[in-house]
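Structure record follows, encoded as structure tokens.
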Amino acid sequence: MPLALLALAIGAFGIGTTEFVIMGLLPEVASDYGVSIPTAGYLVTGYALGVMFGAPLMTVLGTKVPRKRMLMLLMGLFVVGNLLSALAPVFSAMLIGRVIASLAHGAFFGIGSVVAAGLVASHKKAGAIAMMFTGLTVANVVGVPLGTLIGQSVGWRVTFAVVAALGVVGLVGVAKLVPDVPRAEGVRLRHEVAAFKNAQVLLAMAMTVLGFGGVFAAITYIAPMMTQVAGFADGSVTWLLVLFGLGMVGGNLVGGRFADRALMPMLYISLGALSVVLALFTLTAHDKIASAVTVVLIGALGFATVPPLQKRVLDHAHGAPTLASAVNIGAFNLGNALSAWLGGVVIAAGYGYTAPNWVGAVLAAAALVLAVLSAGLERRASAPGPVVAGSVPTERRAAVHH
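In my numbering, the protein residues as written are 272 to 673.
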């Protein structure tokens, strides 16, 4: 594997760290700015919305710029956003910094995947893309817990400064190691957009929003839930996030393995089990061991849905793989934003820190309903039509005319 993939993986590691680390630092950030936990949750919502809108926007703009230069611009944007978050004197400034950083997220993974695949032989393309995405996975096992530990020990501002430094390393790596790749010629946006007229594409993205939203409803507020309900010490949030990250890695591998073999059954099982586990989290959150096990299961079941959902979008987005992929990343983050906001609403309404788990369970169950509906529509569309007596098959009619 070429060293250029290492530069892309470092960028993915930084992006994954800044996206998820805020969840373990919500109490510290809220205390520093004098805002409530639900208000601090807007830092999750704002980032997710930035990815949702930034993914297609930056991807479209990227078609006009050479890919290497676009990747460098995206990493520069990422650095600026995290520096602003680290130095923000008021909460609104930090929120702006989070949104700026988020604009790089979707396009970096979309364009980076194309670049990674172009760096190797055809039989190694999947491995090259997987290597880049390894940075995102490792971020949840190493970067997020380490960033949480740094934030709780020496201040959350230091965490975002370190993430900005990682972005600089990624930027330099792209500049030095990634070869110049010319921009794609003949790209027609109208062909890309036309894929979104397909009802199955829209249903798949809706499943993405609701299914992954179920995960974030619980995980966004994991710090106050585990410290104030389960009774963990503040420092324990770090290793709880490690457990969540390990669950993600395992679930992602399982979901990827079975997505090609039995995609819809994989979605049924993972979404159904996720809904049940999230509902049970309202009970297991009161016990340390049970809550730790549940965190692992949420990570595993949540990320087991990622490969099949991404594949289903691409399978039905004929002629628009790049834009559809970027938009689906935005759909994941729309789910993050929706669930983080709804979780904050139920907490603010006085239902307690375990209430977001019920929100997540309902969202995951709704995604399961859409999966069943989508499969039913697909079966109906592929079913043979009624045969009318005396009619001549199309092939025979064509033969007669010839």
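All C-beta atoms, glycine included, are put in the ideal place defined by N, C-alpha and C.
Could you tell me which of the options sits nearest to residue i, measuring between CA atoms?
i: residue 342; options: 594, 383, 358; result: 383
i: residue 386; options: 273, 543, 624; result: 273
i: residue 553; options: 571, 633, 605, 583; result: 633
i: residue 406; options: 610, 483, 376; result: 376
i: residue 414; options: 309, 637, 281; result: 281
i: residue 328; options: 571, 374, 435; result: 374
i: residue 558; options: 422, 497, 486; result: 497
i: residue 575; options: 599, 539, 607, 587; result: 539
i: residue 295; options: 490, 325, 390; result: 490
i: residue 508; options: 422, 533, 578; result: 422
i: residue 358; options: 276, 607, 432, 409; result: 432
i: residue 361; options: 319, 314, 525, 402; result: 314
i: residue 606; options: 308, 321, 307; result: 321
i: residue 627; options: 638, 556, 645, 563; result: 556
i: residue 324; options: 549, 371, 569, 567; result: 371
i: residue 601; options: 353, 302, 379; result: 379
i: residue 598; options: 620, 580, 543; result: 580
i: residue 586; options: 616, 649, 348, 391; result: 649
i: residue 613; options: 535, 309, 299, 276; result: 309
For residue i, does the three-state DSSP call read helix, strand or coil?
i: residue 307; result: coil
i: residue 359; result: coil
i: residue 374; result: coil
i: residue 557; result: coil
i: residue 539; result: helix
i: residue 674; result: Nothing can be reported for residue 674: it is not among the residues displayed for the chain, which extend from 272 to 673.
i: residue 369; result: helix
i: residue 576; result: coil
i: residue 622; result: coil
i: residue 583; result: helix
i: residue 530; result: helix
i: residue 312; result: coil
i: residue 571; result: helix
i: residue 588; result: coil
Leaving aside the five residues before and after residue i along the sequence, list all residues of the same chain whose C-beta is less than 7 Å from its C-beta, in chain order.
i: residue 278; result: 441, 444, 445, 448, 449
i: residue 412; result: 513, 516, 517, 520
i: residue 428; result: 357
i: residue 548; result: 565, 568, 569, 572
Could you give the first and the last residue of the continuous alpha helix (DSSP H) run that contains residue i?
i: residue 279; result: 275-291
i: residue 631; result: 626-653
Could you name the residues of the same chain whose beta carbon sits closer than 6 Å to that of residue i, not counting the 5 residues immediately before and after it, in chain order?
i: residue 603; result: 479, 483
i: residue 546; result: 632, 635, 636
i: residue 562; result: 501, 555, 556
Apart from the five residues just before and just after residue i, which ones in its own chain have a Cβ nearer than 8 Å to its Cβ?
i: residue 623; result: 500
i: residue 288; result: 410, 414, 415, 418, 434, 437
i: residue 641; result: 474, 477, 478, 481
Self-check item: Any alpha helix (DSSP H) of 4 or more consecutive residues that is wholly inside the segment 423-506
Solution: Complete alpha helix (DSSP H) runs here, min 4: 427-448, 460-465, 470-490, 493-499.
Self-check item: Segments of 3+ residues assigned as beta strand (DSSP E) that fall wholly inside the segment 331-357
Solution: Under the rule that a run must span 3 or more residues, no beta strand (DSSP E) segment is found entirely inside the segment 331-357.
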